[in-house]
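Here is the structure we will look at.
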Amino acid sequence: MKLIFAIISDEDAPRLMAEVNRAGFRVTKLNSTGGFLRSGNTTLMTVVDEKSTQDVLDIIHANSKSRKTAINANMPPTTIGTSYVPYPVEVTIGGATVFVVPVEYF
112 MKLIFAIISD EDAPRLMAEV NRAGFRVTKL NSTGGFLRSG NTTLMTVVDE KSTQDVLDII
172 HANSKSRKTA INANMPPTTI GTSYVPYPVE VTIGGATVFV VPVEYF
């Protein structure tokens, strides 16, 4: 047995949960917040047998897409007395961070 944790974007959560359920797996949803962008994330947990692990990973990969967005970054002052000037920086968000751990007792 394997416990799969998938940290995904809130935007991808409904579609991914529906696909995991459609494939016959149960999933538990936890709301979480990312530290870097302070944006909402969803952590999904599911327990599957060894032979189904890759099936669930394929579903996660197919339904959690990365995308680009602009955030304001602060530019450090170049001389004393100047203030920080925000400027947009493009970053990639979304996708999935997945942890697969063995389950010894269930």
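This note's numbering puts the sequence shown at residues 112 to 217.
Every residue gets a Cβ at the ideal spot worked out from N, C-alpha and C, and that includes glycine.
Are the CB atoms of residue i and residue j nearer to each other than 8 Å?
i, j, result
"T180", "I118", "no"
"T154", "S143", "yes"
"M128", "D160", "no"
"A134", "I170", "yes"
"F210", "F136", "no"
"V212", "L114", "yes"
Can you name the start and end residues of the alpha helix (DSSP H) that residue i belongs to?
i, result
"A173", "T164 to N174"
"V211", "Note, V211: premise wrong, no alpha helix (DSSP H); beta strand (DSSP E) at A207 to P213."
Assuming residue i contacts residue j under a Cβ cut-off of 8 Å, what Cβ separation, rounded to an integer in Å, is found between them?
i, j, result
"V158", "V214", "6 Å"
"G206", "S175", "6 Å"
On the three-state DSSP scale, how would you describe residue i?
i, result
"R137", "coil"
Provide the residue span of the beta strand (DSSP E) that contains residue i, from first to last.
i, result
"F116", "K113 to S120"
Could you check which residue in the options has the C-alpha nearest to that of residue i?
i, options, result
"N183", "K140, V200 and V167", "V200"
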